[in-house]
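Just so we're aligned, residue 155 is where the sequence shown starts under my numbering, counting upward by one.
All C-beta atoms, glycine included, are put in the ideal place defined by N, C-alpha and C.
Given the structure is predicted, the values throughout are model-derived calculations rather than measurements.
Let me begin by presenting the structure, written as structure tokens, before commenting on it.
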Amino acid sequence: MTMAAPPTGNGGEARSVLLCLSHLRWDFVFQRPQHLMTRAAQDHEVIFFEEPREEPIAAARLDLSPQPGGVLRAVPVLPHGLSVAESFAAQRALLDGLLAERAGRRLVAWFYTPMALVFADHIKADVTVYDCMDELSAFRGAPPAMLEMERRLLERADLVFTGGRSLYEAKRDRHPRVHCFPSSIDTAHFGRARGAVAEPASLAGIPHPRIGFFGVVDERMDLELVAAFAALRPDWQLVMLGPVVKIDAASLPQAPNLHWLGGRSYDELPEYLAHWDMGFMPFALNESTRFISPTKTPEFLAAGLPVISTPVVDVVRDYGEAGLVEIVESAAELAEQADALLARPRAPFLARVDLQLAKNSWDLTWARMAALLRVPERAGAGAVPATAMASGVANV
């Protein structure tokens, strides 16, 4: 069989390969990996290698599917019943076959999970990146080996990026080239919510005022806070968008003004936000939220919505102290702030929001990352000052 010619750049040279090893599925929730990889695909052949799924098959295979934005999605499909060692061996063999077809081209290995080293530690990459978007070891169900695997990944990485200031502060003394890239924003996409957008059918019949949440519903959500606010303000409607993961759906509080609508696509989100009166982020304060920098914060703001959040450290420092997000610690405070924000004039608030968001975009974040990828040997803290990068949304 004749092999296809490798994709080339504008100068005719073979494009470099960016292998992204992710614990998240491409079609789960459109977030940091998807934003960055679709932009990386403009200059690299991007392969998004996911965690495996199992099927009743005799031999392992790799399902490849091009995605909008130019990313090649790679899903290992393994036979049922493999041992842990057999599973890792199968993933390694599938990965080796994929990379063999691209031998001789510059390779960037981009890790979102340290656990991928179990089957990818032999890869000889020109540049290795650890994009630490979460403290995965603190999440429910994290493998016991996670911390050791992260130590090994930090040893071999050329560059370490973090998804927020708290993560930066936790990693900066563990590697000489750590750079802070907090959650960014596609302002044009979410800005659609400020215009005339048709109301989704699933919102029909839900009265106003509406306060909404979108994102993954898991152990990071303070369900007691949600239930208490619903009880305190029965005239407010709580609209909750997102898949339920790692917790029992039966544990979700129920009330006439609580609407659990399930997941929605990234493209649909502006249609929902356009018909909400406020956004809220009822994060529990626990180990799994200690280092988070929620991407939805600037997304709510770009949509033109006032936002209320529990005191997640990065939200407080990057948005609360700037007066862009109201911080509350109880259902009573949440109810009081919701009433006040509903009555507050919107125009002065939006003017301050737009000034801040104009300094921040996923395009700018990727451009800065790409510059570091081109010269990793010079990409220490002196090349792009880590302290400046960590100073909040105004710089990233």
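Please state the DSSP three-state secondary structure of residue i.
{"i": "GLY366", "result": "strand"}
{"i": "ARG387", "result": "coil"}
{"i": "ARG506", "result": "helix"}
{"i": "MET287", "result": "coil"}
{"i": "ASP372", "result": "coil"}
{"i": "LEU175", "result": "strand"}
{"i": "ALA168", "result": "strand"}
{"i": "LEU308", "result": "helix"}
{"i": "HIS189", "result": "helix"}
{"i": "ARG326", "result": "coil"}
{"i": "LEU495", "result": "helix"}
{"i": "TRP516", "result": "helix"}
{"i": "HIS429", "result": "coil"}
{"i": "GLY416", "result": "strand"}
{"i": "GLU487", "result": "helix"}
{"i": "ARG500", "result": "helix"}
Verify whether the separation of the beta carbon atoms of residue i and residue j is less than 9 angstroms.
{"i": "MET432", "j": "ARG364", "result": "yes"}
{"i": "PRO452", "j": "SER320", "result": "no"}
{"i": "SER170", "j": "GLU199", "result": "yes"}
{"i": "ALA409", "j": "ALA384", "result": "yes"}
{"i": "GLU204", "j": "LEU178", "result": "yes"}
{"i": "ILE211", "j": "VAL229", "result": "no"}
{"i": "LEU261", "j": "LEU216", "result": "no"}
{"i": "LEU478", "j": "ASP376", "result": "no"}
{"i": "THR282", "j": "ALA244", "result": "no"}
{"i": "PHE434", "j": "THR443", "result": "no"}
{"i": "VAL398", "j": "ASP421", "result": "no"}
{"i": "VAL370", "j": "VAL183", "result": "yes"}
{"i": "HIS329", "j": "ALA456", "result": "no"}
{"i": "LYS325", "j": "LEU313", "result": "no"}
{"i": "GLY366", "j": "TYR322", "result": "no"}
{"i": "LEU395", "j": "GLY417", "result": "yes"}
Buried or exposed: which applies to residue i, given that a residue is buried once 16 or more other Cβ atoms fall within 10 Å of its Cβ?
{"i": "LEU172", "result": "buried"}
{"i": "TYR266", "result": "buried"}
{"i": "LYS553", "result": "Limits of the chain in this structure are 155 at one end and 550 at the other, which puts residue 553 out of reach."}
{"i": "HIS234", "result": "exposed"}
{"i": "SER447", "result": "buried"}
{"i": "ARG506", "result": "exposed"}
{"i": "ARG532", "result": "For ARG532, the predicted model reports a pLDDT of 42, less than 50, meaning its position is unreliable; a value from the coordinates is still stated below. When all chains shown are included, ARG532 counts as exposed."}
{"i": "PRO460", "result": "buried"}
{"i": "GLN188", "result": "buried"}
{"i": "LEU218", "result": "exposed"}
{"i": "LEU526", "result": "buried"}
{"i": "ALA492", "result": "buried"}
{"i": "VAL529", "result": "exposed"}
{"i": "PRO485", "result": "Just to set this straight, residue 485 is Ala in the shown sequence, not Pro. ALA485 should be labelled buried."}
Can you list, in chain order, the residues of its chain with a C-beta nearer than 8 angstroms to that of residue i? Leave out the 5 residues immediately preceding and following it.
{"i": "LEU175", "result": "PHE203, ALA263, TRP264, PHE265, TYR266, THR267, ALA270 and ALA274"}
{"i": "HIS276", "result": "ARG246"}
{"i": "LEU190", "result": "ASP285, TRP516, THR519, TRP520 and MET523"}
{"i": "MET300", "result": "PRO268, MET269, LEU290 and SER291"}
{"i": "SER356", "result": "LEU415"}
{"i": "GLU209", "result": "VAL231, LEU232, PRO233 and HIS234"}
{"i": "ALA279", "result": "LEU173, LEU261, VAL262 and ALA263"}
For residue i, which residues of its own chain have a beta-carbon under 6 angstroms away from its beta-carbon, when the five flanking residues on both sides are left out?
{"i": "PHE118", "result": "Beyond the ends of the chain as shown, which are 155 and 550, falls residue 118; an answer cannot be given."}
{"i": "ARG246", "result": "PHE273"}
{"i": "ALA428", "result": "ALA347 and VAL351"}
{"i": "GLU304", "result": "PRO268"}
Would residue i count as contacting chain D if we go by Cβ distances under 9 angstroms?
{"i": "PHE445", "result": "Looking for chain D here will not work: only one protein chain is present."}
Quick one: which unbroken beta strand (DSSP E) runs of 3-plus residues sit fully inside the stretch 442 to 470? Chain order, please. The stretch 442 to 470 contains these whole beta strand (DSSP E) runs: 461 to 463.
Curious, which full-length alpha helix (DSSP H) runs of at least 4 residues does the stretch 213 to 289 contain? Qualifying alpha helix (DSSP H) stretches, in chain order: 238 to 254 and 271 to 274.
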